[in-house]
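Asks: Next up is a structure, given as structure tokens.
2 protein chains.
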Amino acid sequence: MRVIELNKLSKEERNRLLKRPAIDMDKTSEIVRPILADIKSRGSAAVNEYARKLDKYENESLIVSDQEYEEAEQILSDKTKQAIETAAENISAFHEKQLPNGYEVETKPGVKCRREFRAIENVGLYIPGGTAVLPSTVLMLGIPARIAGCKRVIACSPSKGELHPAVLYAAKIAGINEYYKVGGAQAIAMMAYGTDKNKKVDKIFGPGNQYVTAAKTLVSIDHEGCQIDMPAGPSEVLVIADDQANPAFVASDLLSQAEHGIDSQVVLVTTSHGLVQNVLEAIELQTTELPRKEYVKECLKSSFALVVNNIDEAIHFSNEYAPEHLILNFPDADEVVDRITNAGSVFVGPYTPESAGDYASGTNHSLPTYGYAKSVGGVSVEMFMKGMTVQSISREGLENISDAIIELAETEELKAHANAVRVRFK
Amino acid sequence: MRVIELNKLSKEERNRLLKRPAIDMDKTSEIVRPILADIKSRGSAAVNEYARKLDKYENESLIVSDQEYEEAEQILSDKTKQAIETAAENISAFHEKQLPNGYEVETKPGVKCRREFRAIENVGLYIPGGTAVLPSTVLMLGIPARIAGCKRVIACSPSKGELHPAVLYAAKIAGINEYYKVGGAQAIAMMAYGTDKNKKVDKIFGPGNQYVTAAKTLVSIDHEGCQIDMPAGPSEVLVIADDQANPAFVASDLLSQAEHGIDSQVVLVTTSHGLVQNVLEAIELQTTELPRKEYVKECLKSSFALVVNNIDEAIHFSNEYAPEHLILNFPDADEVVDRITNAGSVFVGPYTPESAGDYASGTNHSLPTYGYAKSVGGVSVEMFMKGMTVQSISREGLENISDAIIELAETEELKAHANAVRVRFK
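Chains as they are written, first to last, in this note's numbering: chain A, 47 to 472; chain B, 47 to 472.
So this is what it looks like as structure tokens:
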């Protein structure tokens, strides 16, 4: 982990720290494009072939059967079931408050305008698999979809034949309607375009590797494809801490992020040189116990600790960086939250590790990376819905705004628009 | 206008009616790509060159001066000013209710989770120009941005040297901070990447021609670019009417859409053969007065009237079509709005023409086209903001969810995540 002092940096060096590593999607897109085109034209037969070829899928049907759900429930320990249920409870409690409210405004007498929300009918969730098993992601995507009222929620995960029982138990709790054992670009194509065996979805959610990300991007700009949740990059944490912070706590938070993969972004911003040294020592100590040591070491090589003069400077830097996860580990941290303008999720105080939000506090863990927190929020119930406006105007109401409509339509040289009002008063 | 009977169609023919004409962006993208790359590397000098070369811009500075705003205000008639002000009042009144509310939930004792909203700091608005002059679009994008609290709102329109005074007056009312007289792909590149002369924006809003649309799409998938409001296609209206509807009203609504351009989508769905004939006659009659006759005639050639057995069938077809604008012109139409699942904006009753919503009822006229109403709503205040989650957990709170966190982290084989909890209770 490099240690850098903010006030010794030139403007250019500072800007470089704010940037994420460049992502070159061109090569991945070249691999993914023919898979998408093939599934678009050949449908389920092509999906099956890619699942067998690329994921070594060995069973008959790709769809999870009722029997598989039942077996999963029998195999799974009570302890794991309990953990999934506690997480689901908290995620539900937090997300239920996100159901948006419609309203009506009478903008002029007789001109009633309202807004109503509708669930997106068909949604697709991508749950990564392979080396990772992610029941938490099933909950984080499935529960908001269910709260929104989506009619059909389908999920996909790569598999050689079976899915982890924790994933299936989470899917049952979240109310997933169909679960397909297919991953990668082939899963995204199947959901975005539909096949002879299943209807296309209107929006795809969920994280994934570079192939999944490239496929999601490509279907999102194809008029025959579908919408996606948000653009993706490697996961990130930025910790702001002062000399009061417990170095072991800070080290453990940085390591939780580092174990995700070698491209994880791990940043410590602190007012204290002393803390940096103690954190580095604690990292050394804690890493020895970790199974994913190699990821962690590689990741930390490209990470940095930034020493600043005061918390104000730290907040300013963080707002420009726009981290996915922001941990505030200093006294009275709650008082500065109002000044955080760009972050996916904020963790306040010494007893709020990132892993609490990853699993069980109740907030969503699908969050904007790569600086997208400047313009996008994390996954929420509203992302599974869309607002629709409705206007209901009486004859008197239309009279009250007819001058404005006609004058603006004529300014814009759209005579038929003006005529649609005039003809009603002839 | 073709007249089709729904119950004589095969499933394939029906599905073909639901589809929009294919859009081939490949050629346009090839033209746009080098412009984006050039501006990304050469900055404002390149923007200037393209404005001069492609839009024949003739003045010195691209940015609108205070003097230009003042002159616009002097030139503009009181009648036009009044129309802009009335529209702005209604748009403000309707959109102010969209400011989202934060909230807090204590999901378990000591686990406080909340959601807060922040405005996107830098936003860019594209206001088409050329043959069209669109003060209404300035209001529809600028007012929600101002209500959201965006710090910096910039706008771009193509120009040979000046902008229409109505556009500048609308920009003043909407509180646009900087207005640039530059259009097309060069405007999108300037906003998305920033230049030596202006800071990049975080999100771009607004309609545009094929070059603008292609440029918006390309910057939205470039990690160095920015987010965009929504995907775009030609404008659309679907009118549902029965034998009680006044044919002249229906004709005027279809014509308002048809005059937008030859690729506009115009659909009439009705229970009455008689209405179709009367509407066709009224169209003939009203078209003679229209300056954009040629657009209208060309557009109507590819449009269709669909005769159905009852209003239920009409609603079902409309929900599958997912029109940008949906007009319900039959008795007690308000009672069926609950069953409309996919539409951008709904116009209820005989005195609610689409042009009311285009200009002055208060609802937004930037709406999802091309069937995207299945997954996206029109422009709203929330689209200029993003949700951020915050969790603040006490020692006791963390204890209450520690079993769930540790169990799930270990199921997912992420030991450092579990360790971040354990280390806090050592």
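Just so you know, even glycine gets a beta-carbon here, dropped at the ideal spot from N, CA and C.
(1) Assuming contact is defined by CB atoms lying nearer than 7 Å, are L301 of chain B and Q332 of chain B in contact in what I supplied?
(2) By how many angstroms is the C-alpha of I130 of chain B removed from the C-alpha of S123 of chain B?
(3) Check whether the region 252-260 of chain B touches the region 101-119 of chain B, counting contact only when three or more Cβ pairs, one atom from each stretch, lie closer than 8 Å.
(4) Does the beta carbon of F471 of chain B sit closer than 7 Å to a beta carbon anywhere in chain A?
(5) Could you name the residues of chain B that D248 of chain A contacts, counting a contact when the two beta carbons are closer than 7 Å?
(6) Determine the chain A residues that contact C202 of chain B at a beta-carbon separation under 7 Å, and present them in chain order.
(7) Nearest-angstrom Cα distance between A462 of chain B and I173 of chain A?
(8) I'd like the list of long-range same chain contacts for R198 of chain A, defined as Cβ closer than 6 Å, with 5 residues on each side in sequence excluded.
(9) Kindly indicate if chain B contains any beta-carbon less than 7 Å away from that of M434 of chain A.
(10) With A287 of chain A and N375 of chain A assumed to form a contact (beta carbons below 8 Å), what rounded beta-carbon distance in angstroms separates them?
(11) Quick one: residues in its chain with C-beta nearer than 7 Å to the C-beta of K206 of chain B, no 5 flanking neighbours on either side, listed in chain order?
(12) Locate the alpha helix (DSSP H) running through P308 of chain A, then write down its first and last residues.
(13) For a cutoff of 7 Å on Cβ pairs, would you count C159 of chain A as touching chain B?
(14) N465 of chain A touches chain B at which residues, Cβ-Cβ below 9 Å?
(15) Can you name the residues of chain A whose CB is closer than 7 Å to the CB of F140 of chain B?
(16) If we cut at 7 Å on Cβ distances, does V199 of chain A have a partner in chain B?
(17) On a CA-only basis, which of A:A165, A:P369, A:S348 and A:K227 is nearest Y115 of chain A? Give me that one, please.
(18) Less than 8 Å between the CB atoms is what I'm expecting for I234 of chain B and A261 of chain B, so what's the real figure, rounded?
(19) Does the distance from the CB of A328 of chain A to the CB of P280 of chain A come in under 7 Å?
(20) If you reduce the DSSP assignment to three classes, tell me which class T333 of chain A lands in.
(21) Using beta-carbon positions only, say whether Q303 of chain A and V322 of chain A come within less than 7 Å of one another.
(22) Along the region 63-81 of chain B, what residues have a CB closer than 7 Å to any CB found in chain A?
(23) Below 6 Å CB to CB, which residues in the same chain sit around D404 of chain A once its five sequence neighbours on both sides are set aside?
(24) So which residues of chain B does E453 of chain A contact, with C-beta pairs closer than 8 Å?
(25) Pull out every residue of the region 167-184 of chain B whose Cβ sits closer than 7 Å to any Cβ of chain A, in chain order.
(26) Using the beta-carbon of each residue, which ones in chain A are nearer than 7 Å to K143 of chain B?
(27) To the nearest angstrom, how far is the alpha carbon of L171 of chain A from that of V184 of chain A?
(28) What do you reckon, are the CB atoms on G423 of chain B and G433 of chain A nearer than 7 Å?
(29) Less than 7 Å between the beta carbons of M47 of chain B and A194 of chain B, yes or no?
(30) Between A:E208, A:K246, A:L460 and A:T132, which lies nearest to G408 of chain A when the distance is taken from Cα to Cα?
(31) Pull the bridge partners of L372 of chain B from the DSSP assignment, please.
(32) Look at the alpha carbon of V151 of chain A and the alpha carbon of F140 of chain B, and state the distance between them as a whole number of angstroms.
(33) Is it buried or exposed, A68 of chain A, if we count other Cβ atoms within 10 angstroms and call 16 or more buried?
(34) List the residues of chain A that L460 of chain B touches, going by C-beta distances under 7 Å, in chain order.
(35) Should the region 386-400 of chain B be called in touch with the region 385-400 of chain A, which here means at least 3 C-beta pairs below 8 Å?
(36) State yes or no: is the beta carbon of G89 of chain B nearer than 7 Å to at least one beta carbon in chain A?
Replies: The answer reads as follows:
(1) yes
(2) 11 Å
(3) no
(4) no
(5) K420 and S421
(6) Correct list: empty, because the minimum Cβ distance to chain A is about 18 Å.
(7) 21 Å
(8) N168 and N223
(9) yes
(10) 4 Å
(11) D101, K102, Y103 and E104
(12) One point to set straight first is that residue 308 of chain A is Ile, not Pro, in the sequence displayed. Note, I308 of chain A: premise wrong, no alpha helix (DSSP H); not H, not E.
(13) yes
(14) S298, L301, S302, Q332, E335, L336 and S401
(15) V151, T153 and C159
(16) no
(17) A:K227
(18) 4 Å
(19) no
(20) helix
(21) no
(22) I69
(23) H411
(24) K125, T126, Q128 and A129
(25) E167, A178, V179, L180, P181 and S182
(26) Y149 and V151
(27) 8 Å
(28) yes
(29) no
(30) A:T132
(31) B:L284 and B:V392
(32) 6 Å
(33) exposed
(34) E305
(35) no
(36) no
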